[in-house]
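Chemist: For the record, the sequence lines run as chains X and Z. If you want the numbering used here, it's the position in the first sequence, counting the first as 1, plus 1. If you want the numbering used here, it's the position in the second sequence, counting the first as 1, plus 1. Supplied in C-alpha cells, the structure appears directly below.
There are 2 protein chains.
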Amino acid sequence: MTKIDLRPALAKMLPYAPGEQPPPGKFIKLNTNENPYPPAPAVVSALQEAATGPLNRYPDPMANAFRRAAADALGLPGPEWVLAGNGSDDILTILVRGFVGEQEKLRLPYPSYILYRTLADIQAANWEQIHFLDGWHLPTHFTNADDDLRLVFLPNPNSPSGTVVAPEQISEIASALPCPLVVDEAYADFADSNCLDLVQKHDNLLVTRTFSKAYGLAGIRFGFLVAQPALINRLASIKDSYNCDYLSIVAATAAISQQDWLTEVVAKLKQTRQRMEQRLTEMDFHVTPSQANFVWAQHPQGQHQELYDFLKKNQILVRYMDFPDWGDGIRISVGTDQQIDACMMMIERFFQ
Amino acid sequence: MTKIDLRPALAKMLPYAPGEQPPPGKFIKLNTNENPYPPAPAVVSALQEAATGPLNRYPDPMANAFRRAAADALGLPGPEWVLAGNGSDDILTILVRGFVGEQEKLRLPYPSYILYRTLADIQAANWEQIHFLDGWHLPTHFTNADDDLRLVFLPNPNSPSGTVVAPEQISEIASALPCPLVVDEAYADFADSNCLDLVQKHDNLLVTRTFSKAYGLAGIRFGFLVAQPALINRLASIKDSYNCDYLSIVAATAAISQQDWLTEVVAKLKQTRQRMEQRLTEMDFHVTPSQANFVWAQHPQGQHQELYDFLKKNQILVRYMDFPDWGDGIRISVGTDQQIDACMMMIERFFQ
Numbered sequence: 002m003t004k005i006d007l008r009p010a011l012a013k014m015l016p017y018a019p020g021e022q023p024p025p026g027k028f029i030k031l032n033t034n035e036n037p038y039p040p041a042p043a044v045v046s047a048l049q050e051a052a053t054g055p056l057n058r059y060p061d062p063m064a065n066a067f068r069r070a071a072a073d074a075l076g077l078p079g080p081e082w083v084l085a086g087n088g089s090d091d092i093l094t095i096l097v098r099g100f101v102g103e104q105e106k107l108r109l110p111y112p113s114y115i116l117y118r119t120l121a122d123i124q125a126a127n128w129e130q131i132h133f134l135d136g137w138h139l140p141t142h143f144t145n146a147d148d149d150l151r152l153v154f155l156p157n158p159n160s161p162s163g164t165v166v167a168p169e170q171i172s173e174i175a176s177a178l179p180c181p182l183v184v185d186e187a188y189a190d191f192a193d194s195n196c197l198d199l200v201q202k203h204d205n206l207l208v209t210r211t212f213s214k215a216y217g218l219a220g221i222r223f224g225f226l227v228a229q230p231a232l233i234n235r236l237a238s239i240k241d242s243y244n245c246d247y248l249s250i251v252a253a254t255a256a257i258s259q260q261d262w263l264t265e266v267v268a269k270l271k272q273t274r275q276r277m278e279q280r281l282t283e284m285d286f287h288v289t290p291s292q293a294n295f296v297w298a299q300h301p302q303g304q305h306q307e308l309y310d311f312l313k314k315n316q317i318l319v320r321y322m323d324f325p326d327w328g329d330g331i332r333i334s335v336g337t338d339q340q341i342d343a344c345m346m347m348i349e350r351f352f353q
Numbered sequence: 002m003t004k005i006d007l008r009p010a011l012a013k014m015l016p017y018a019p020g021e022q023p024p025p026g027k028f029i030k031l032n033t034n035e036n037p038y039p040p041a042p043a044v045v046s047a048l049q050e051a052a053t054g055p056l057n058r059y060p061d062p063m064a065n066a067f068r069r070a071a072a073d074a075l076g077l078p079g080p081e082w083v084l085a086g087n088g089s090d091d092i093l094t095i096l097v098r099g100f101v102g103e104q105e106k107l108r109l110p111y112p113s114y115i116l117y118r119t120l121a122d123i124q125a126a127n128w129e130q131i132h133f134l135d136g137w138h139l140p141t142h143f144t145n146a147d148d149d150l151r152l153v154f155l156p157n158p159n160s161p162s163g164t165v166v167a168p169e170q171i172s173e174i175a176s177a178l179p180c181p182l183v184v185d186e187a188y189a190d191f192a193d194s195n196c197l198d199l200v201q202k203h204d205n206l207l208v209t210r211t212f213s214k215a216y217g218l219a220g221i222r223f224g225f226l227v228a229q230p231a232l233i234n235r236l237a238s239i240k241d242s243y244n245c246d247y248l249s250i251v252a253a254t255a256a257i258s259q260q261d262w263l264t265e266v267v268a269k270l271k272q273t274r275q276r277m278e279q280r281l282t283e284m285d286f287h288v289t290p291s292q293a294n295f296v297w298a299q300h301p302q303g304q305h306q307e308l309y310d311f312l313k314k315n316q317i318l319v320r321y322m323d324f325p326d327w328g329d330g331i332r333i334s335v336g337t338d339q340q341i342d343a344c345m346m347m348i349e350r351f352f353q
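The structure is reproduced here in C-alpha cells:
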C-alpha cells in the first residue's frame, strides 16, 4: 500500500457515470431528463436580487425559508418535516451514511437508478438488486426482512421505465420492511400519484424530491427529504453544516411557490411525451407507458447502441442503457416539441 | 432497535455545532470568520448575468472553468491539480470517506477545528487528538506511524489560535507520515506562507482552500482541493456527481481571477486585525499573534463565558470556545474598523 491509496473497499468500485454534459449549444440534449424550458421568471428575478445579497455570510444551515415554503406549497404538517439538500443526491448520500454501515446492506429494484449501488460501494456496504417482474411489478421478496438489511430504495416513477408502483402497494411495502423505505420521487411531479401523504402514516417511509427535473433547476443543485420530524432532526446532525448555499435556497424557495407555473410546464411536457410515445410506437418501438419526463423505448431489431451513436453523430444526445441480465434500450428525455420532432425524424432516418 | 434508528455508531455522536447564524442585521457578527466586506464587484455582475443562464441544465461535474482559472491564478501546473467542492467541508468529507474506514483512525492537532472529529464520528472511524506544545508547536509524535492511521489533518493557520506551522516543518511531517496529510488552508490568504508549492514535492500532501473567508463568499459554498492529478482523479469518483452548482462555479471562477481585489481586502483586514490585537493587549488580554482573520484572546481574570454573554446581550456576537483539558477563551473575527471599535468599546465596559 502506498501512502495515498484509497480505502481498499473503494479501490475496485465502478464510479457512477452521469449522462454526458457537453458544452451548451452543441447538442439537442435529451439524455439527462432536464427540463428543456427555463425556470419560472420569479426564480430568475429572485436570483438577480440575491446576487447583491449577503453572499459574504454563511447561509441558514437548515434553509428554513425553503422549509416553510415547501410545507405550504405541498400541504405538509409543518417545516420540520423537510430536510434540504445539495440536490437530492446529497439527500441520498446522507441517508446511506445515516443508516448503512460497512458490510451492511441496502436494497434496490432492478433495473433502476444505478447511483444507489455507487453510494453503497462508497460506504463499503453491500447492495442487493431485486428484479422487477414483467409489467414493472415488485416481487413479494422485495420486502424480505434480512438480518443485515438497513435501507431500501424505490425510485417512483422508476428510471429507465417511467413506471409507477401504486401508493397503496408502497404503504404495504413500508409496513412489511424492517428498515426505512426511501421513495425517490425525482419524477413524481410528472406522475398521477405520489407518496407524500404516506409519510404521516409510516415513520419508516421517506420521500425525496428534486428541483432538477420539473422545476427546471438542475443547475442550482437542490433537493429535499420529507419524513417525520424526529428523523429529520437526526439526519440533520450528519449533513454538512452548510450543505445548501444562499442562492440555491433563494431559488428553490421562489420556485416551490410557483405551483401554477409548475402545473403549466408539466402539462406541456406531458403533451410532448404523448406525441413522442405515439411516434415511437408508429416506428415499431416497444414503448413503456411513462409517468416521468422521459420515455424508455426498445426496438425489436435491437441496434440501440448503433441508434445512439447515429443520433450523437447528428448532434442529438439520448441515453443508451444496457442492463446486464436484463436488456438494453434507449431512454429519451422529453424536450420541446421541436427537439422531439428533430429526434424522431432522425430515428426514422436511421431505420430507413 | 426500531425501524428508523441511525447506525449504532452514530447514535452517540455529538453533532458539530457551527457558529450561530442569526438573521442578518440583528448583530455585529464576529463569530464565524466571515469577511465583513462584500465580494468583488466582478463576482456580483457575473452572478447577475448567470441568473439568466442555463439553470435548467446540470452543471459541469468537474467545474473545469473554475479549475482552469484556479490553476492560472495560483500558478499550479494545470487544472488537473484541482478538485472543486461544495465548500471545503465537502472536500473534507470526501477525504475522510476516501481514506478512513470504520474503526480506522484520523489524527488532528488540539485545539483545532472540531469538525474533523465529527467527520470521523459520521464515518464510524476513530480520531486522535495530539496536543499542541507551548507556542503552538507540534510534538514529534504527531508523525507516529500507527498501524491504523489513515489520514492526518493540519489546519494552517490553525483555529482558534491563528498560528502557522512553517512550510519547511510541514514538508518534514508529510515525509514522515505513512498516510495523506491534509493541510487545511481555509485562512492561508491571510498568512505569510502557504503549502501550495509543497504539493508538487509530496504525493501525500493535500491542500484545501475555501471561498468563505478572504473571498467574501461564505454564502455560495465553494472550496477546493489541490493535490497530485492521480489522486484528484480517484477522489473525483467518490464525490457527488454534481457537487457544485452552476452559480457557485460562476462566482468562484470570477472571484479567483480577482487577485488584486483579494490583496487589497486582505491588507485592509490585516490592518484591522493589528488594531484589534493592540486594543486587546492594552486591556490585559493574552493575545496570540494571528495570521488569520480572527484573534484568540484570553484574559487573566477568565470570565470568558460571561464576556461572551455580555457582548451578545449588546448585539455583538463573538465565539466563546472551551476546550476541555486545555482552556477557554474568546475568538473574535476581524470585522470592519467600525465593528471592531464597537466590540472593543463594549469589552472595555465589561471590565469596568
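Just so you know, even glycine gets a beta-carbon here, dropped at the ideal spot from N, CA and C. Note that the structure is predicted; figures quoted are calculated from it, not measured.
Thinking C-alpha only, which one of I341/X, A66/X, E349/X is nearest F28/X?
Modeler: Translated into positions along the first sequence, residue 28/X becomes position 27. Answer by Cα proximity: I341/X.
Chemist: Taking Y188/Z as the reference, which of A125/Z, V165/Z, E169/Z has the closest Cα?
Modeler: Stepping through the second sequence from its first residue, residue 188/Z is reached at position 187. Of the candidates A125/Z, V165/Z, E169/Z, the one whose C-alpha sits nearest the C-alpha of Y188/Z is V165/Z.
Chemist: Would a check of beta-carbon distances place G224/Z closer than 8 Å to chain X?
Modeler: Working through the second sequence from its first residue, we reach residue 224/Z at position 223. Cβ-Cβ to chain X under 8 Å: no for G224/Z.
Chemist: What residues in the region 168 to 183 of chain X have a beta carbon less than 8 Å from any beta carbon of chain Z?
Modeler: If the cut-off is 8 Å between Cβ atoms, the region 168 to 183 of chain X has L178, P179, C180, P181 near chain Z.
Chemist: Would you report the Cα separation of G336/Z and Q22/X, rounded to the nearest angstrom?
Modeler: Counted from its first residue, the second sequence places residue 336/Z at position 335. Counted from its first residue, the first sequence places residue 22/X at position 21. Approximately 41 Å, taken between the alpha carbons.
Chemist: From the DSSP secondary-structure annotation, give me the bridge partner or partners of P156/X.
Modeler: Looking up residue 156/X in the first sequence gives position 155. For P156/X, which the question treats as bridged, DSSP gives the partners D185/X.
Chemist: Measuring alpha carbon to alpha carbon, tell me which residue in Q339/Z, Y321/Z, L93/Z, P301/Z is nearest F1/Z.
Modeler: As shown, chain Z starts at 2 and ends at 353. That puts residue 1/Z outside it, with no answer to give.
Chemist: Give the residues of chain Z in contact with A219/X, contact being defined as C-beta atoms less than 7 Å apart.
Modeler: Along the first sequence, one-based indexing puts residue 219/X at 218. Those are N57, R58, Y59, listed as they occur along chain Z.
Chemist: What do you get for N234/Z, buried or exposed, if any count of 16 or more other CB atoms within 10 angstroms of its CB means buried?
Modeler: Your numbering for residue 234/Z matches position 233 in the second sequence. N234/Z is exposed by the Cβ-count criterion.
Chemist: Taking only runs that begin and end inside the region 248 to 321 of chain X, name each unbroken beta strand (DSSP E) of 3 or more residues, in chain order.
Modeler: Complete beta strand (DSSP E) runs here, min 3: 295 to 299.
Chemist: So, with DSSP's three-state summary, where would you put I95/Z?
Modeler: Position 94 of the second sequence holds residue 95/Z. In this structure, I95/Z counts as helix in the three-state DSSP scheme.
Chemist: Measuring CB atoms only, is the region 49 to 56 of chain X touching the region 194 to 209 of chain X, in the sense that at least three cross pairs come out at less than 8 Å?
Modeler: Output reads no: the region 194 to 209 of chain X does not touch the region 49 to 56 of chain X.
Chemist: According to DSSP, is F334/X helix, strand or coil?
Modeler: Counting from one through the first sequence, the residue named residue 334/X turns up at place 333. The residue you asked about is not Phe; residue 334/X is Ser in the sequence shown. Looking at S334/X - three-state DSSP - the assignment turns out to be strand.
Chemist: Pick from C196/X, E349/X, D338/X, M14/X: whose alpha carbon is nearest that of G115/X?
Modeler: In the first sequence, counting from the first residue as 1, residue 115/X sits at position 114. The question names Gly, yet the displayed sequence has Ile at residue 115/X. Considering only alpha carbons, the answer is M14/X.
Chemist: Output yes or no for whether 8 Å exceeds the beta carbon distance between F191/X and I92/X.
Modeler: Taking the first residue of the first sequence as 1, we reach residue 191/X at position 190. Taking the first residue of the first sequence as 1, we reach residue 92/X at position 91. It is not a contact, given that the beta carbons lie outside the stated cut-off.
Chemist: Rounded to a whole number of angstroms, what is the C-alpha to C-alpha distance between L107/X and S194/Z?
Modeler: In the first sequence, residue 107/X corresponds to position 106, counting from 1. In the second sequence, residue 194/Z corresponds to position 193, counting from 1. Their Cα atoms are separated by approximately 46 Å.
Chemist: Return yes when the C-beta of V227/Z is under 7 Å from any heavy atom of the ligand MN, and no when it is not.
Modeler: As presented, the structure is devoid of all ligands, the ligand MN included, so that no description of it is given.
Chemist: Output yes if chain X places a C-beta closer than 8 Å to the C-beta of L248/Z; else output no.
Modeler: By 1-based counting over the second sequence, the position of residue 248/Z is 247. Output row for L248/Z: interface = yes.
Chemist: Taking CB distances under 8 Å as the criterion, tell me whether F311/X reaches chain Z.
Modeler: For the purposes of this step, residue 311/X is taken as residue 310 along the first sequence, with counting starting at 1. False, the Cβ-Cβ gap to chain Z never drops below 8 Å.
Chemist: Have a look at C344/X and R350/X and give me their C-alpha separation to the nearest angstrom.
Modeler: Position 343 of the first sequence, counted from the start, is the residue given in the question as residue 344/X. Position 349 of the first sequence, counted from the start, is the residue given in the question as residue 350/X. So the two alpha carbons sit approximately 10 Å from each other.
Chemist: Enumerate, from N- to C-terminal direction, the unbroken alpha helix (DSSP H) stretches of 4 or more residues contained entirely within the region 12 to 67 of chain X.
Modeler: The qualifying runs are 42 to 51.
Chemist: Interface residues of chain X around E35/Z at Cβ under 7 Å?
Modeler: Position 34 of the second sequence, counting from 1, holds the residue named residue 35/Z. Chain X residues near E35/Z: N57, R58, Y59.
Chemist: Is M277/Z buried or exposed, if buried means 16 or more other CB atoms sit within 10 Å of its CB?
Modeler: Locating residue 277/Z in the second sequence gives position 276, counting from the first residue. Burial call: buried.
Chemist: Are the CB atoms of W327/Z and Y111/Z within a distance shorter than 8 Å?
Modeler: What you label residue 111/Z is simply residue 110 of the second sequence in a count that begins at 1. What you label residue 327/Z is simply residue 326 of the second sequence in a count that begins at 1. In this structure, W327/Z lies closer than 8 Å to Y111/Z by Cβ.
Chemist: Whole angstroms are fine: how far does the CA of P140/Z sit from the CA of G88/X?
Modeler: As a working mapping, residue 88/X is identified with position 87 in the first sequence. As a working mapping, residue 140/Z is identified with position 139 in the second sequence. Cα-Cα distance, rounded: 42 Å.
Chemist: What does a CB cutoff of less than 7 Å around V251/Z pick up in its chain, not counting 5 residues either side in sequence?
Modeler: Against the second sequence, residue 251/Z aligns to sequence position 250. So the list reads A47, L48, A51, once near-sequence residues are dropped.
Chemist: For the beta strand (DSSP E) that A175/X lies in, which residues bound it at each end?
Modeler: Walking along the first sequence from the start, residue 175/X turns up at place 174. Unbroken run through A175/X is the alpha helix (DSSP H), 168 to 177; no beta strand (DSSP E).
Chemist: If you compare alpha carbons, which of L7/Z, N32/Z, P25/Z is closest to L312/Z?
Modeler: What you label residue 312/Z is simply residue 311 of the second sequence in a count that begins at 1. That would be N32/Z, whose Cα lies nearest to the Cα of L312/Z.
Chemist: By alpha-carbon positions, which one of D310/Z, N244/Z, I257/Z, A253/Z ends up nearest to D61/Z?
Modeler: Translated into the one-based positions of the second sequence, residue 61/Z becomes position 60. Of the candidates D310/Z, N244/Z, I257/Z, A253/Z, the one whose C-alpha sits nearest the C-alpha of D61/Z is N244/Z.
Chemist: I want to verify the contact list: residues of chain Z whose CB lies under 9 Å from the CB of G88/X, in sequence order.
Modeler: For this step, residue 88/X is matched to residue 87 along the first sequence. Going along chain Z in sequence order, the residues near G88/X (Cβ under 9 Å) are D241, S242, Y243, N244, D246.
Chemist: Excluding the 5 residues flanking Q229/X on each side, which residues of the same chain have their C-beta closer than 6 Å to its C-beta?
Modeler: Along the first sequence, one-based indexing puts residue 229/X at 228. Hits under 6 Å: D204.
Chemist: Nearest-angstrom Cα distance between P78/Z and L152/Z?
Modeler: One-based indexing of the second sequence puts residue 78/Z at position 77. One-based indexing of the second sequence puts residue 152/Z at position 151. Their Cα atoms are separated by approximately 25 Å.
Chemist: For T119/X, which three-state DSSP category applies?
Modeler: Translated into positions along the first sequence, residue 119/X becomes position 118. Helix, per DSSP.
Chemist: Helix, strand or coil: which one does DSSP assign to F212/Z?
Modeler: Within the second sequence, numbered from 1, the residue matching residue 212/Z stands at position 211. In the structure shown, F212/Z sits in coil (DSSP, three-state: anything other than H, G, I, E or B).
Chemist: Could you give the C-beta distance for L218/Z and P40/Z, rounded to a whole number, given that I count them as a contact under 8 Å?
Modeler: Along the second sequence, one-based indexing puts residue 218/Z at 217. Along the second sequence, one-based indexing puts residue 40/Z at 39. Their Cβ separation, rounded to whole angstroms, is 5 Å, which keeps L218/Z and P40/Z in contact under 8 Å.
Chemist: Indicate the three-state DSSP secondary structure (helix, strand or coil) for D198/Z in the structure shown.
Modeler: Numbered from 1 along the second sequence, position 197 holds the residue referred to as residue 198/Z. Here D198/Z sits in helix by DSSP.
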